[in-house]
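Data block below; observations after.
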Amino acid sequence: MFEQNKLSVVLLVLIVQLQLILTFDDANSGSVSLNFEDNIDGKFSSFSKLNIHLSSQTNFDLTPSRTIPLSQYERLIDFKSDYPYYTLKVHFKRGATQDYVMTSIPMCLVLQAQFQYTVTLFVSENGYIVGVQVTTGNSTCTLSNINQIEQKTEYNYKATMRLQLNDAGPQPDTQRFLEKLKRQQEAKINSQDADNRPFILKYWKYLLPIVVIVVLQSAFTNEGGAPAAGGGGGT
Amino acid sequence: MRWRKVFETNEYGKIDRIIWYDQESVIISGQGRRARSLRYADGLEVWQLAATTTNTNSNQDTVAKHCQVIKNRYDPGTIHILSDDLLWSVSSYGEMLWSIEIPIKSTLKNLFLLSTSQYVIVGSLDSNSNQLQVTYYSKQDGQQAFSSSLPWSFNAKDSLNKCSTMNNLILCSNNEELSIITIPTTTDDTNVKTRHIKASSKIEQIRILYESTTRSVILIKSDNGETKIYQFNKKESTSEWDFNELNIQMKSNSFISIATDKNLAGQQILEASANDQKLNFHVSTINEQTLTNTRSYSVELPENMGEIEYLAYSVVKNTQLVTLRMQDGSLLVIKLADNGAELILHRDEALSSIISVETFDLSLSITQMRIEEEFGGTGMFSMFTKRISSQVSQLISFFLRLLDLFTHGNRNRDYLDKQAALVRDEFNLNKILIVVTSVGKVFGILTQSGGILWKNFFPNFAPFEHFNAVHVPLFHIRSAAHYTHEPLASIVYRDRNSLHDTHIRTFNPYTGDLENNLTTSSLPYHVKRVFLSTQAVDEFCKVLLFVDTNNKIHTYPSVPLSRALSTTIPTYIYLFDKSEQAFVGYYLSIDENDQKTSTNLKEVWRVSFQNEEVINIHTRLSSDRVHSAGIVLGDRSVLYKYTNPNLIAVVTEGIDYQKVPFVNIYLLDTVTGSVKLSHTHKRVKSPVHIVLSENWIVYTYYNQRYRRYEAVSSSLFEGEAQYNYSTFSSFDPIEPVIQSKAYILPYGVNAIQVTTTEKGITSRDIIMATPNGMLIEIPWILFDPRRPLDLTPMDREEGLIMYTPEIMVNFESVINYYKYVYNIRGIHTVATGLESTSIVFAYGLDLFFTRVFPSRIFDQLKDDFDFMIIGWSTVAFVVGSFVAKRFASIHQTKKAWK
């Protein structure tokens, strides 16, 4: 009877554990498929696709599916449109949810960096992509500078991607504060306890003047007659 | 005002019904879950009772409950309350008589509550069989006696909205027909009688004007404005009622109230209607089917108050009193007497519903203006003539003033004092507050005295919705800095009747006079967002920019966009899409020579939130100033602040995959759409109050796990080196370093704000309004996220305080002392001419205004400064130096002779 009970408990625990793992798996391991698009052709077109698993790795390199020929690069430098922005659109799909996030930086910055930039994806608590950021390492540029950069026949995307997860908000640090208070208190008690030096050593500061006074007094009373007599002799 | 009682801010404070007795009244609140009695004489809460329920879980509280409260007409000391599934009775002495739970199902809903001398009757709708189950409970002990059912044609929602109960009658309106259903009161009688009254058009409202055991009066209002009044009389020894129409001619907008008094021969009926600034009253005595002794009164109101919203007529000791609440929130008490009507009380209750506040500097005095003028010219000759002419005019005005003083003495002193109150003081400490209330009344309030300078009421006003709150954009169109032009303020609001129409009203903040050129009620587009131009266009006026539903931007008044916005600095706008829970950033490109007055926006970024709901956005104050770019550390190095002016704080709420509720705080850059800070707090509840200023953010929330309020403070730093010392760009590749600390707050938080000073040199204080009525001023250094747990000499050198998890509040830092202010919804802070001083205006149910000195008074002399001692010692020194000089010369001469 008892054995049977034990078995059923174990089974129950196992089931609960399995369920926990499953729910965890269901929500967390569901990989996110990403599709990167930019607007260098004048309209959005994909240049890289990626499937990532959250919580395993935070840095990725994008493998571009196309390159930018020199002609297009030069056309971009001459870009006289009223929309001088390089826009990166990231489509993401996670389970049944599908959406996109977007960011833009001046086109000139991307050209200057020759399509070498860092993409930061901000990932929310539930594993969805909240936002995206592109940085090239510069904030200003002029088109004339770009012309002087060595010319290549073909330009390649050299984009690295970083995932930034939500930080857990700070908690009031009562634990460490209390520990510190405890430490302080202990230190105080210890300092009192540790002081088991002999009485003389501990209070010599107070004892010494008394001793000196006593010694001096006794010396004066002893020699009281002699110096006075000596004085008398002098006059 | 004799006394006041402020109820809870949560659902228990929401009053469902008040039942009036001679000495005290019983107030039922919290969806029928609380009953309490207040004594009229002193406002003392005599007793309070809470409903005893077994199944009160927090999830159920969010579901809209239905509650009915009735006073038993046969036993006036007993009150029956039906709150969803709970039926309970209390006596007016504060005794809980009985309480029972009625089982409900999703198909069975308790709707009606009626009472007779023996039974309490509950009518519940069974939506499966479309029948109304009528259950009788004993009035003495709540025991179920018997039940019956009758066919019912209304659904639950219609039954709630279109039906009323009265004695043993249920009155329901069905288009043009009013059905009167008589519920039998005894077991012997099981006949349910239904009779009908026809109206000329669709019935809008049924109101019960008077109810007693034998007689009742109801009012039926149709949507064509026709109002009819019916009188019901109980037939002798049956439970049935006779009714007849009272012959009374009424205007479509008039209100009716009935008063009974023991001394009165019959009942008096009062008809009141508002007409512009006039209130008209007709008082008559009800006499069988007609009205007799009709008397008319009218009273002039001091201002336009819109329509009547509530009317109560009472006769107290032969004094006829009419209490009204007007559309503008005013509370009026009018006394009707033989010699006419008299307004005896007028309170602007609208002031308790402030939603937008702005402050304006007062105008310069004439002499200050002349000084401005004196040095305003260009060219040598014009400057010279200006100088001479202004000095001559100063001389003339001085003589005129002297003459005035001699001839008139102090006679127009009052007028002068009033004028002086409107003139800017030396340190620009006194201002004028422009407040907009949710009912559409705008007030101009002088901060010096708290007196209302002017008020304007806009009857067709409806505020915009902003997440869970309402707001009205209020802008400085022209500031008070241009002394040659009066300042101007604009408000933008929706039309009460057609919510897509937007109104713009521009007025002078000193007088409240409307500027008709800048006032319109017809914008040819639907407004999604409104903001102010960065550049002044004509006569120092800024223009309003509107984003319409097609994401097109327009200017009002119509000016080329290139004049309204800077063409060198690009303009970015963000909009929030509620249906997709996404922020979308737009870029606005303006060509310098472009004369277009409207243009399309181009999407540049998008931030989307999945499985979390955005509950609030917080932007920094436009007056926020950063004085120093960094903090000097203990080792004399500098830690540079990350002062991004494009940041907004976004608060979202959601439930994670483990079903744990969380609150997320994000700092979004509105130029690139990147996230600079994201904090997740689990098991935490909104409301989240935020202060965003300089390079830091402080937010508060309620921690459900520890049941306490907490504050988190985060600072953003660039680091030891500054990327660009002259300008800031959101495209700068800076990864801000974030430092955060959390603190436990000793009180809850209703509102939070930071002090503002002119140059931002003075240290910052956080002003916090607590639910217990205190306004607390807490130095920001107590919230500093750099507070170390173990204080090193370096930290001490820098002036950091050791970290303690709790923020200790001194009672000295309560800035309103014992003048407690309740239900504060917002705090407005403004800089003054003195760097040390910041103005604080807290608003909510109460208003509170004061000045605070976050770094003490470093640029002023103290009040107790001894001018005499300084004066006399100066004189003594001067005299002394002369004497000493004389002695010295004598001494010199003597020396020379030696």
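Protein chains in written order, with full-length UniProt numbering: chain A, 1 to 235; chain B, 1 to 898.
Note that beta-carbon positions come from the ideal geometry of N, C-alpha and C, so glycine has one too.
Strictly by DSSP, which residues pair up with residue i?
| i | result |
| --- | --- |
| residue 838 of chain B | B:831, B:852 |
| residue 459 of chain B | For residue 459 of chain B, which the question treats as bridged, DSSP gives no partner whatsoever. |
| residue 91 of chain A | A:35, A:100 |
| residue 495 of chain B | B:461 |
| residue 569 of chain B | Residue 569 of chain B is not bridged to any residue. |
| residue 487 of chain B | DSSP, once it has assigned bridges, lists no residue as partnering residue 487 of chain B. |
| residue 358 of chain B | B:434 |
| residue 684 of chain B | B:703 |
| residue 78 of chain B | B:91 |
Which two residues bound the contiguous alpha helix (DSSP H) that contains residue i?
| i | result |
| --- | --- |
| residue 795 of chain B | 793 to 798 |
| residue 175 of chain B | Per DSSP, residue 175 of chain B belongs to no alpha helix (DSSP H) and is neither H nor E. |
| residue 903 of chain B | This structure cannot speak to residue 903 of chain B, because chain B is shown only from 1 to 898. |
| residue 369 of chain B | 366 to 374 |
| residue 872 of chain B | 867 to 897 |
| residue 587 of chain B | Taken as a continuous stretch (DSSP letters only), residue 587 of chain B belongs to no alpha helix (DSSP H), being part of the beta strand (DSSP E) at 582 to 588. |
| residue 916 of chain B | Because chain B here runs from 1 to 898, residue 916 of chain B falls outside it and cannot be looked at. |
| residue 71 of chain A | 70 to 77 |
| residue 857 of chain B | Looking at the DSSP string, residue 857 of chain B is not in any alpha helix (DSSP H), and its letter there is neither H nor E. |
| residue 200 of chain A | 199 to 202 |
In terms of residues, what are the limits of the beta strand (DSSP E) holding residue i?
| i | result |
| --- | --- |
| residue 630 of chain B | 630 to 632 |
| residue 927 of chain B | Not covered by the structure: residue 927 of chain B. The range shown for chain B is 1 to 898. |
| residue 345 of chain B | 340 to 348 |
| residue 110 of chain B | 108 to 115 |
| residue 20 of chain B | 15 to 20 |
| residue 71 of chain B | 67 to 71 |
| residue 605 of chain B | 602 to 608 |
Apart from the five residues on each side of it in sequence, which residues of its chain come closer than 6 Å, Cβ to Cβ, to residue i?
| i | result |
| --- | --- |
| residue 36 of chain B | 27, 45, 48 |
| residue 320 of chain B | 336 |
| residue 120 of chain B | 80, 137, 139 |
| residue 63 of chain B | Confidence in residue 63 of chain B is poor, its pLDDT being 48 and thus under 50, which makes the residue's placement too unreliable to answer from. |
| residue 442 of chain B | 436, 456 |
| residue 155 of chain A | 68, 73, 114, 115 |
In chain order, what residues of the same chain lie with their CB nearer than 8 Å to the CB of residue i, ignoring the 5 residues before and after it?
| i | result |
| --- | --- |
| residue 393 of chain B | 370 |
| residue 227 of chain B | 219, 220, 221, 250, 252, 254, 256 |
| residue 194 of chain B | 179, 180, 181, 182 |
| residue 851 of chain B | 429, 832, 837, 838, 839, 840 |
| residue 90 of chain A | 34, 35, 36, 37, 100, 101, 102, 119, 121, 129, 132 |
| residue 558 of chain B | 597 |
Less than 7 Å between the CB of residue i and some heavy atom of the ligand ZN, yes or no?
| i | result |
| --- | --- |
| residue 434 of chain B | In the structure shown, the ligand ZN is absent, as is every other ligand, since no ligand is present at all. |
Tell me which residues share the same chain as residue i and place their Cβ nearer than 7 Å to its Cβ, disregarding the 5 neighbours each side in the sequence.
| i | result |
| --- | --- |
| residue 846 of chain B | 821, 822 |
| residue 207 of chain B | 218, 219 |
| residue 898 of chain B | none |
Margin query: Which complete beta strand (DSSP E) runs does the region 520 to 565 of chain B hold, if anything under 3 residues is left out?
Written below: 527 to 536, 542 to 548, 552 to 556
Notebook entry, point to check: Counting pairs of beta carbons, one from the region 153 to 171 of chain A and one from the region 663 to 682 of chain B, are three or more of them closer than 8 Å?
Noted result: yes
Next item on the list: Indicate whether the contact test is met: 3 or more Cβ pairs, each with one atom in the region 120 to 128 of chain A and one in the region 68 to 77 of chain A, closer than 8 Å.
Entry: no
Next item on the list: Tell me, please, whether the region 447 to 458 of chain B touches the region 374 to 384 of chain B by the rule of three or more beta-carbon pairs shorter than 8 Å.
Entry: no
Notebook entry, point to check: Is the region 629 to 637 of chain B touching the region 600 to 610 of chain B, taking contact as three or more C-beta pairs under 8 Å?
Noted result: In this structure the region 629 to 637 of chain B does not lie against the region 600 to 610 of chain B, because fewer than three pairs of beta carbons, one per stretch, are closer than 8 Å.
Next item on the list: Flag this pair as touching only if the region 142 to 150 of chain B and the region 103 to 110 of chain B have three or more C-beta atom pairs under 8 Å; answer yes or no.
Entry: no
Check: Would the region 526 to 533 of chain B and the region 546 to 561 of chain B be scored as touching if the rule is three or more Cβ pairs under 8 Å?
Finding: Yes, since at least three Cβ pairs between the region 526 to 533 of chain B and the region 546 to 561 of chain B fall closer than 8 Å, the two stretches touch.
Check: Is the region 716 to 732 of chain B touching the region 700 to 708 of chain B, taking contact as three or more C-beta pairs under 8 Å?
Finding: no
Checklist line | Complete alpha helix (DSSP H) runs within the region 94 to 172 of chain A (minimum length 4 residues, chain order) | finding: Qualifying alpha helix (DSSP H) stretches, in chain order: 107 to 112, 143 to 148.
Notebook entry, point to check: Taking one C-beta from the region 100 to 116 of chain A and one from the region 128 to 135 of chain A each time, how about it: are there three or more such pairs within less than 8 Å?
Noted result: Yes, the region 100 to 116 of chain A is in contact with the region 128 to 135 of chain A.
Check: So, do the region 772 to 789 of chain B and the region 643 to 651 of chain B have three or more beta carbon pairs nearer to each other than 8 Å?
Finding: At 8 Å Cβ cutoff, the stretches do not touch.
Check: Within the chosen definition, does the region 263 to 281 of chain B reach the region 305 to 315 of chain B through at least 3 CB pairs nearer than 8 Å?
Finding: Segments in contact, yes.
Next item on the list: Could you tell me whether the region 691 to 698 of chain B touches the region 181 to 192 of chain A, where touching means 3 or more Cβ pairs closer than 8 Å?
Entry: no
Next item on the list: Determine, using beta-carbon pairs with one atom in the region 492 to 502 of chain B and one in the region 450 to 470 of chain B, whether at least three such pairs fall under 8 Å.
Entry: yes
Next item on the list: Ignoring anything shorter than 3 residues or poking outside the region 693 to 776 of chain B, list the beta strand (DSSP E) runs there in chain order.
Entry: 696 to 703, 708 to 719, 737 to 744, 751 to 754, 765 to 769
Notebook entry, point to check: Hey, is the region 762 to 780 of chain B in contact with the region 725 to 743 of chain B, meaning 3+ C-beta pairs nearer than 8 Å?
Noted result: no
Notebook entry, point to check: Are the region 350 to 359 of chain B and the region 471 to 478 of chain B touching by the rule of at least three beta carbon pairs closer than 8 Å?
Noted result: yes
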